[in-house]
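Step one of this worksheet: look at the structure below.
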Amino acid sequence: MKKTAVLIFILAVLLAPTRTAALMTSSNYTIYADAVDSGGGLSAGGSYILQDTVGESPAGFSTSSAYEIRAGYQHMEKGFLTLQLSATSLNLGTLSASAVNVASTTATISTDASAGFSFSTTAVAGTVITAVADGTVSAGSEEYGFTVSGNESQFSNDVAVASSVLLAASTGPVTNSLTVLNFKASMASSTTAGSYSQTVTVSASANL
Amino acid sequence: MKKFLMCFVAVVVGILFAPVTADAMTISPIKFHLTASPGTTNQKIILRVTNDEAVTKYFSLKIIGAKQNDQGQVVYGANWDEAEKWLKPEKSALEILPGKNKEAVFFLNVPADALPGSHWLGLAVESVGSSGGQRIGLTGQLIAPLLLQVSGVVEEKLEIAEWSPPGFALTKVWPMSLSLKNASPTEVPLSAELSVTNWLGREVYKNKINVGELMLPSAERSFHFDLPLTAGRYWPGPYRADIRIFYGRTTQMAISSGSVWYFPFYAWGLSALALGIAGYIIFRNKN
């Protein structure tokens, strides 16, 4: 009886189910089998798990430059971002060599983003006259550009209307931040007559 | 009756002179971060869009890429990242009544052969506005940044592409040039420290410098700044300027050194005087 019990015990130890998690390890990294709940909605919160693959060296720096991204994390920064444009169609009218024509619109931005916002041009298309290059659109010269004004505006001189121009930015939440975009054009006596138009996309986004 | 008439007039005036905005919209949430494994299908992301105007508006929905320019500014554009194709809006446009909101639904499908790493994208909501004609047509757009990380092992690597202290300096203001490149498939947090050591190996200057806080994948950044060595005494001679960049979640460090020969104007004068005296002594001894 006693021998039978010992035999059963030994067999139980030998045949006990081992962990069969899909886990591969090496001296350098670990890959986990992950399960992602596809098709689920977004949930707030959650933890972001990082795993250093090797412990830190005595100097405080890691001896390995690799780490693992684990699937299944979802996080969103709740909050709002509002953009208002006072005018979306600006007419610079008929140009003359004796004056600079100006047309303006005001962008009003509000957000509770903790890192603030950025407001910039993201796309520009169309045919226009020569872009300003000397910082000022001057009467008598063929030049086209814009400038911005407001508490969060990023420049005060006249610059070429192009994509990826940062117009305004904040480092924290704002309420009704106003940025005035002033489009300017002037012509020289040698400027070719014609109709010119442009489409400009301006975008606001929360800062990273 | 008089009171009612006054109120009626006030309401009419208010309506007539109420501020009318041509483009007004709101999005929420404002940022997303998700991790997904290769082969993920139909993972849903929801963005709420509000029409703040007094008329029904159409809003087009797009996925665009994001990257950092040389100054660290995040810019957005189309066809910058392969992951832009992994996300698709359920509908390409939304029609929203005035003052109302709707959910913009996006579905994520990650290819099975997608490599581990980060993809910075933007969920863009664009107000369908007027075109140019004989005008400047402005279109407003709101973008919610989205960090999409494909699971797996990633390796962080930041390169110091250029570290150029001045080889020779006449004053105690040394112009420096530094260029960094994030060669990782993931973003890296970073900070930097500059130190100067004299020919005796003694550290005579050490301070943090601002290189920004985060570099996105493949981002490059350049800095040009003057190092003012105003405090302390700096004897003429050779110095070594070291830049240390601390980066990554794995706490890596990149280091680069450059030498500077500091020879101020007074040292030139003293050297000329010494040479003159030596030359005189030699000449006198010869005669």
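For the protein sequence lines, the chains are A and B, in the order given. Positions 1 to 208 (my numbering) are the ones given, in order, by the first sequence. Positions 1001 to 1287 (my numbering) are the ones given, in order, by the second sequence. For each residue, glycine too, the CB sits at the ideal point set by N, CA and C.
Below-8 Å beta-carbon distance, residue i vs any chain B residue
| i | result |
| --- | --- |
| A247 (chain A) | An answer regarding residue 247 (chain A) cannot be provided, because it is not within the stretch 1 to 208 covered by chain A. |
| I69 (chain A) | yes |
| V148 (chain A) | no |
| A133 (chain A) | no |
| N157 (chain A) | no |
| G72 (chain A) | yes |
| V174 (chain A) | no |
| G79 (chain A) | yes |
Alpha-carbon to alpha-carbon, residue j and residue i
| i | j | result |
| --- | --- | --- |
| G135 (chain A) | D158 (chain A) | 5 Å |
| L178 (chain A) | D1023 (chain B) | 14 Å |
| S1177 (chain B) | D1226 (chain B) | 9 Å |
| R19 (chain A) | V1110 (chain B) | Any reading at R19 (chain A) is ruled out, since the residue's pLDDT is 37, under 50, leaving its predicted position unreliable. |
| S1179 (chain B) | G1232 (chain B) | 28 Å |
| S1092 (chain B) | S1060 (chain B) | 6 Å |
| L943 (chain B) | L1121 (chain B) | Residue 943 (chain B) cannot be examined here, being either before or after the span of chain B that is shown, 1001 to 1287. |
| L1115 (chain B) | L1216 (chain B) | 16 Å |
| N1051 (chain B) | Q1252 (chain B) | 46 Å |
| I129 (chain A) | E142 (chain A) | 7 Å |
| A107 (chain A) | S203 (chain A) | 10 Å |
| F155 (chain A) | K78 (chain A) | 30 Å |
| Y1266 (chain B) | W1235 (chain B) | 11 Å |
| V1075 (chain B) | L1273 (chain B) | 58 Å |
| Y144 (chain A) | L95 (chain A) | 11 Å |
| V102 (chain A) | Q1141 (chain B) | 23 Å |
| G140 (chain A) | M187 (chain A) | 6 Å |
| I1353 (chain B) | I1063 (chain B) | Any property of residue 1353 (chain B) remains undetermined from this structure, which presents chain B solely from 1001 to 1287. |
Per-residue burial, residue i [other beta carbons within 10 Å of its own, 16 or more giving buried]
| i | result |
| --- | --- |
| A1112 (chain B) | exposed |
| N1285 (chain B) | exposed |
| R1202 (chain B) | exposed |
| V1173 (chain B) | exposed |
| N151 (chain A) | exposed |
| P1098 (chain B) | exposed |
| V1128 (chain B) | exposed |
| D1070 (chain B) | exposed |
| E1187 (chain B) | buried |
| A133 (chain A) | exposed |
| V1055 (chain B) | exposed |
| P1228 (chain B) | exposed |
Cutoff 8 Å: residue i Cβ touching any chain A Cβ
| i | result |
| --- | --- |
| R1249 (chain B) | yes |
| D1052 (chain B) | yes |
| T1139 (chain B) | yes |
| H947 (chain B) | This structure does not reach residue 947 (chain B), given that chain B is present from 1001 up to 1287, and the question cannot be answered. |
| P1145 (chain B) | yes |
| M1025 (chain B) | yes |
| V1075 (chain B) | yes |
| S1222 (chain B) | no |
| L1178 (chain B) | no |
| N1069 (chain B) | yes |
| S1092 (chain B) | no |
Expected contact under 8 Å - CB spacing of residue i and residue j to nearest Å
| i | j | result |
| --- | --- | --- |
| Y73 (chain A) | L1123 (chain B) | Actually they do not touch by this definition, with Cβ atoms about 18 Å apart. |
| G116 (chain A) | T171 (chain A) | 5 Å |
| F1223 (chain B) | V1211 (chain B) | 7 Å |
| P1175 (chain B) | A1241 (chain B) | Not really, about 11 Å apart at Cβ, beyond 8 Å. |
| N91 (chain A) | R1135 (chain B) | 5 Å |
| L166 (chain A) | I1027 (chain B) | Actually they are not in contact, since the Cβ atoms of L166 (chain A) and I1027 (chain B) sit about 20 Å apart, beyond 8 Å. |
| field | Contained beta strand (DSSP E) runs [length at least 3] in the region 1012-1076 of chain B, N- to C-terminal order | value | Segments of the beta strand (DSSP E) lying fully in the region 1012-1076 of chain B: 1023-1028, 1031-1036, 1043-1051 and 1057-1068.
| said: My parser needs the beta strand (DSSP E) runs of 3 or more residues fully inside the region 69-119 of chain A; what are they? | reply: Counting whole runs of 3 or more residues, the region 69-119 of chain A contains the beta strand (DSSP E) stretches 74-77, 81-85 and 101-111.
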